[in-house]
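Worksheet: the structure to be examined is printed underneath.
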Amino acid sequence: MNTPTGPATAGPSADGTPPVPTLSASALARRRRREALVGFAREYARNRAGLLGLGLLLTIGVLAVTAPLFIDQTHLTITGAPGASHEPPSWRFPLGTDNFGRSILDLVIWGARVSLTVGLLATFVSVTLGTLVGVTAGHFGSSGGVGGRIVSTVLMRVTDWFLVLPTLVLAVALAAVLPRGTGTIIIAIGLTVWPPTARLVRAQTLAVEARPFVERARALGGGHAHVMGWHVLPNVMPVVLAQTTLLVATSIIAESTLAFLGMGDPTTISWGGILEAARTAGAISAGIWWYIVPPGLAIAVVALSFTLCGRAVESVINPRLRGQS
Numbered sequence: 060m061n062t063p064t065g066p067a068t069a070g071p072s073a074d075g076t077p078p079v080p081t082l083s084a085s086a087l088a089r090r091r092r093r094e095a096l097v098g099f100a101r102e103y104a105r106n107r108a109g110l111l112g113l114g115l116l117l118t119i120g121v122l123a124v125t126a127p128l129f130i131d132q133t134h135l136t137i138t139g140a141p142g143a144s145h146e147p148p149s150w151r152f153p154l155g156t157d158n159f160g161r162s163i164l165d166l167v168i169w170g171a172r173v174s175l176t177v178g179l180l181a182t183f184v185s186v187t188l189g190t191l192v193g194v195t196a197g198h199f200g201s202s203g204g205v206g207g208r209i210v211s212t213v214l215m216r217v218t219d220w221f222l223v224l225p226t227l228v229l230a231v232a233l234a235a236v237l238p239r240g241t242g243t244i245i246i247a248i249g250l251t252v253w254p255p256t257a258r259l260v261r262a263q264t265l266a267v268e269a270r271p272f273v274e275r276a277r278a279l280g281g282g283h284a285h286v287m288g289w290h291v292l293p294n295v296m297p298v299v300l301a302q303t304t305l306l307v308a309t310s311i312i313a314e315s316t317l318a319f320l321g322m323g324d325p326t327t328i329s330w331g332g333i334l335e336a337a338r339t340a341g342a343i344s345a346g347i348w349w350y351i352v353p354p355g356l357a358i359a360v361v362a363l364s365f366t367l368c369g370r371a372v373e374s375v376i377n378p379r380l381r382g383q384s
């Protein structure tokens, strides 16, 4: 016998009006998610600082992605430099040239590709690790019995150990031990900036674990993986999203610092690498400001933009902060 697959309908009302179709559980869930996204976008659009940060990031991102379309890669090499050494800003070179005659503007735009990529990937590693540790520690700390509390305690003591270590010193040590390259920078940053995310997610997990729907899930036989994956993780994701936007700025600054210290890949162009090359070429003592200011300003603008976006997301998630943004 065939069973109906369309939306269910309620029975006719007492006054004879036609029945009103009712949505299935999956359709209702999709509608609620869509309404939540629309509401999030509407609240975010009210934050002018967040819109400014988002606009700056979109502009820089578009320039970085489309850079190969209007920048000749041969002009980025030492042998194919189009200008003379240390030319000041002019119509031909709006930001001047470096000690090899390469356009600083081209270097800054091309360097955005590496700096943004490293910042985003390092943030992904950090947020993933911090979320995993935070959710696990919070869940087993509240409902795992004696063994679970031991697991939670061990995880948080490891987190505290990483938290008290100087982040830059630890990242430099990892970058010095591992082979030089972009992947090493990503790993070094990702493994050093995750503790604040872990502690924040753990606190949010403890709050979610105390809610009635989690207790009902346990009473119905839900295991640890089910509770963490289907009930805890979706409810801590807004906090994780806000933390992610804030960590990207930290990761980009860390990448620039490591590259400035000579820990980056010398074959790639990044903002920190440009600053390191300017220091090596003696641009600071020679007063060649156009070699130093543009990459430093790019780092500051991107870090500020991500911070503005993160604060805007945080104000949307936490209604108590909306009046302060």
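Per our numbering, the very first residue in the sequence shown carries number 60; after that it's consecutive.
Ideal Cβ placement from N, Cα and C applies to all residues, glycine included.
From a predicted model like this one, the values you see are computed outputs, not experimental measurements.
Secondary structure of Ser364 (DSSP, three-state): helix. The residue among Gly240, Val273, Gly189 and Val231 with its C-alpha nearest the C-alpha of Asp219 is Gly189. The DSSP-derived three-state label of Ser315 is helix. Burial is judged here by how many other beta carbons sit within 10 angstroms of a residue's own beta carbon; Gln132 has fewer than 16 and is exposed. Assignment of Ser162 by DSSP, reduced to helix, strand and coil, places it in the strand class. The residues Leu229, Thr251, Trp253 and Pro254, in chain order, have a CB closer than 8 Å to that of Phe221 in the same chain once the five nearest residues on each side in sequence are set aside.
Looking at the backbone, the Cα of Val298 and that of Trp349 are separated by about 40 Å.
With a minimum length of 4 residues, the unbroken runs of alpha helix (DSSP H) contained wholly in the region 202-239 fall at 204-223 and 226-236. Residue pairing by DSSP places Thr156 opposite Ser162 in a beta bridge.
Rounded to the nearest angstrom, the gap between the Cα atoms of Gly112 and Asn106 is 10 Å. Distances from the alpha-carbon of Trp330 to those of Met322, Thr339, Pro353 and Val295 put Pro353 closest.
Contact check for Val307 against Thr182 passes: the beta carbons are separated by less than 8 Å. With at least 16 other beta carbons inside 10 angstroms of its own, Ala318 counts as buried.
Straight through space, the alpha carbons of Arg239 and Leu363 are spaced by roughly 28 Å. Rounded to whole angstroms, the gap between the alpha carbons of Val286 and Val273 is 7 Å. The region 110-130 makes contact with the region 163-178; the number of CB pairs closer than 8 Å reaches 3 or more. Comparing C-alpha distances from His145 to each of Ala359, Ile351, Val372 and Val375 shows the shortest one belongs to Ile351. For Arg151, there is no enclosing alpha helix (DSSP H), as DSSP marks it with neither H nor E. DSSP, reduced to helix, strand and coil, places Arg105 outside both helices and strands of the structure shown, so it counts as coil. Of the residues Val192, Ala313 and Phe365, the one whose Cα lies closest to the Cα of Ile245 is Ala313. Distance from the Cα of Met322 is smallest, within the candidate group Leu237, Gly142, Phe129 and Gln302, for Leu237. Cβ atoms of Gly155 and Glu268 stay farther apart than 8 Å, at about 57 Å.
Less than 8 Å divides the Cβ of Val295 from the Cβ of Gln263.
The three-state reading of DSSP puts Ile328 in coil, since its state is none of H, G, I, E or B. Nearest C-alpha to Val360 among Pro147, Ala276 and Thr118: Thr118.
Per DSSP, reduced to three states, the secondary structure at Leu279 is coil, with no helix or strand assignment.
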